[in-house]
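Heads up: the sequence lines are chains X and Z, in that order.
Those letters in the first sequence? Residues 164 to 459, by this note's numbering.
Those letters in the second sequence? Residues 2 to 291, by this note's numbering.
Quick reminder that beta carbons are idealized off the backbone N, C-alpha and C, glycines included.
Report on the following structure.
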Amino acid sequence: MNFLPPKVASSKRRSLAALLGAAILVLGLAACSAPSGDAASTDDAARSASPTPTSTASTSAASTLEGTITVFAAASLTQTFTEIASDFEEANPGVTVELNFAGSSDLVTQITEGAPADVFASADLRNYTKLAEAGLTAGDAVNFATNTLTIAVPARNPAEIGNLSDLADADVKTVICAPQVPCGAATVTVTEAAGIVLTPVSEESSVTDVLGKVSSGEADAGLVYVTDVLAAGDEVEAIEFPESSSAVNTYPIVAVADSGADAAANTSAIAQAFIQYVTGTAGLGVLAEAGFGPPE
Amino acid sequence: MTNSRAGLSVRPTRRSGAGASSARYGGLPGWVIAAASLGALFVLLPLAAMILRVNWADFGALISSEASVAALLLSLRTSLTATLLCVIFGVPMALVLARAEFAGQRVLRSLVLLPLVLPPVVGGIALLYTFGRRGLLGQTLEVLGIQIAFSTTAVVLAQTFVALPFLVLSLEGSLRSVGTRYEAVAATLGASPSRVLTRVTLPLVLPALASGAVLSFARALGEFGATLTFAGSLQGVTRTLPLEIYLQRETDPDAAVALSLVLVVVAVVVVGLAHGAGLPTPWRRSGTNR
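The following block contains the structure:
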């Protein structure tokens, strides 16, 4: 028996809707992975809309600087650079510092794609070198901080981790960074130096994701930077291990070459002043408080 | 949607009057077409921009690396499983929402569709607090020897969670617009509820079920945030194609772009297949003739 009506809804239209829907969904991924790039372009719009800095400022002392600079800094610098930037703004009332935080390699991609950065603070030398090789740096880089790995465990250390070799235990759920990202590269160096082989349950693409797995208790241990554990609060405890000294991560800061001709001299003067501030006693103090090591 | 069938067949006929081609409808204002073109451009331009960046010389090598192949296979496997789960649970859910009447139905409907509007990361966190080691069900599962975190099961769960509403929504809408007349007739002729469901209701909404399943598959294939938050990322186990793309971007943008293109092509092929073969031909013919 057949109860079907002579005609159901237009099937053609329906499939077309499905096609469009699927295309949008797939593109959603691309959109998802580049939010900071969008933010950067918004910054650009905001910057060009703001009053143009006066040209006299570049010739006079630092205290009379006026204008806006955009600082691209590694995600691990979020807390410290937010603090340093507001201190710097306080010391230079005419200056506004726009901050953009993301993974160092994301930032390099954004800058090479034309994002308006005046200063780049990288979490490793590799990404700085990438930018320098692209001819987008102005002047020499200054190393301003170091960071080392530490073992992060959930509060009260349920798996009773004591040292690095404990992480190689098959029963311990260890989460590390993938070798493609800086913290993962450091992990490879450290484990090779210690002569152990880890069998991680997950290789995450960022420190944040490693910390997330540890703080939620999903993982028994993870390898992250000392500063990350300090910033994570009570959920996570750090267990230091001697082998960490084999992979010391150096943070360089450098001015970004100006692509736009307008007011170039002035923003570069502010950029230099900002770099000096970060590498000066005030900046280094903030960084040390957050657990960063002194520059080498 | 309620009366779209009647509307589609009647209105054009009335409007064109003497015209023989009643299906053609030329009364669209120019500004609608202009806005539609802009919208289409907005969707297609980024796609074109991505294709322009593909390094064709190394394309084959980039997409056939061990990591890429593992990610693609994992993605297809998990997305298919997730789609199957969506059909198994989504069809009954849509039926209950469209045909049953009970208190709090509207609220339940909104809640069930929530993953549509939730950022996937939030979905991942919610799943973590449910199936994670310290989660609501995690303790029980651990006693049973089941560990979901960092397993392929976690990927499937994350994908099902975000894809399920697509199937429920598309099927429920279709169930409502088809109405209950034929079901009522079948029932008066003595068909049991199960027989009405399998012989009348489901055949009526089969196109919607197919397109809903395709949408779910596409959503599962593109799933990123919930997987990253909930399942982790390990080659061959939990690192699906979107996660592989995200990771490759760190060191090898060319590989990331090549894999993105693969993802788009897979999605288009799947949707195209469903478009070409998923729907019974007699219906399609009758649909275009009238």
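Would you kindly work out how many angstroms separate the C-alpha atoms of residue i and residue j, rounded to a whole number?
i	j	result
G237 of chain Z	L115 of chain Z	30 Å
V351 of chain X	E366 of chain X	12 Å
I433 of chain X	R78 of chain Z	53 Å
S431 of chain X	E229 of chain X	11 Å
S22 of chain Z	I34 of chain Z	Legend: pLDDT at S22 of chain Z = 47, less than 50; position of this residue unreliable, value from coordinates given subsequently. When rounded, the distance between both Cα atoms is 21 Å.
F251 of chain X	D281 of chain X	15 Å
D334 of chain X	S249 of chain X	46 Å
G454 of chain X	T390 of chain X	5 Å
Q249 of chain Z	Q343 of chain X	7 Å
A394 of chain X	W32 of chain Z	53 Å
A219 of chain Z	H276 of chain Z	14 Å
T227 of chain X	S80 of chain Z	59 Å
S69 of chain Z	Y414 of chain X	32 Å
L142 of chain Z	A150 of chain Z	11 Å
D59 of chain Z	A256 of chain Z	9 Å
F167 of chain Z	I339 of chain X	34 Å
S239 of chain X	F307 of chain X	14 Å
G456 of chain X	L294 of chain X	24 Å
L73 of chain Z	G266 of chain X	25 Å
T272 of chain X	L145 of chain Z	46 Å
Name, in chain order, the residues that DSSP records as bridge partners for residue i.
i	result
S365 of chain X	X:V338
Y388 of chain X	X:L312
E400 of chain X	X:V316
N263 of chain X	X:F235
F283 of chain X	X:F235, X:V417
V353 of chain X	According to DSSP, which records beta bridges pairwise, V353 of chain X is partnered with nothing at all.
V258 of chain X	X:G230
So what does DSSP say about residue i, is it helix, strand or coil?
i	result
E224 of chain Z	coil
D253 of chain Z	coil
G61 of chain Z	helix
T300 of chain X	strand
T239 of chain Z	coil
N412 of chain X	strand
L210 of chain Z	helix
G230 of chain X	strand
I324 of chain X	coil
V118 of chain Z	coil
E456 of chain X	It should be noted that the sequence gives Gly, not Glu, for residue 456 of chain X. Strand, per DSSP.
V55 of chain Z	coil
N306 of chain X	strand
V370 of chain X	helix
Q343 of chain X	coil
Q439 of chain X	helix
L42 of chain Z	helix
P30 of chain Z	coil
Q242 of chain X	helix
L138 of chain Z	coil
D332 of chain X	coil
L158 of chain Z	helix
E276 of chain X	coil
Going by alpha carbons, who is nearest to residue i out of the options?
i	options	result
L242 of chain Z	Z:L264, Z:A188, Z:D253	Z:L264
D287 of chain X	X:G456, X:A237, X:A356	X:A237
A254 of chain X	X:A451, X:G456, X:Q439	X:Q439
S379 of chain X	X:E398, X:A420, X:S368, X:L447	X:E398
V417 of chain X	X:N290, X:S369, X:G358, X:V258	X:N290
T231 of chain X	X:T243, X:V353, X:L330, X:G257	X:G257
V260 of chain X	X:E452, X:F437, X:G266, X:F404	X:F437
F404 of chain X	X:A357, X:Q242, X:S368	X:A357
Y130 of chain Z	Z:A232, Z:I246, Z:V266	Z:A232
A211 of chain Z	Z:T153, Z:S66, Z:L170	Z:L170
V206 of chain Z	Z:G139, Z:G105, Z:S175	Z:S175
L361 of chain X	X:T337, X:T275, X:A349, X:K376	X:T337
Does the beta-carbon distance from residue i to residue j come in below 8 Å?
i	j	result
T313 of chain X	S407 of chain X	yes
S234 of chain Z	L244 of chain Z	yes
L119 of chain Z	R110 of chain Z	no
D372 of chain X	P321 of chain X	no
G91 of chain Z	L158 of chain Z	no
V88 of chain Z	A227 of chain Z	no
A420 of chain X	L299 of chain X	yes
A127 of chain Z	L172 of chain Z	no
G125 of chain Z	L229 of chain Z	yes
E459 of chain X	T309 of chain X	yes
A259 of chain Z	I64 of chain Z	yes
A341 of chain X	I359 of chain X	no
E246 of chain X	V449 of chain X	yes
R134 of chain Z	E381 of chain X	yes
V113 of chain Z	M94 of chain Z	yes
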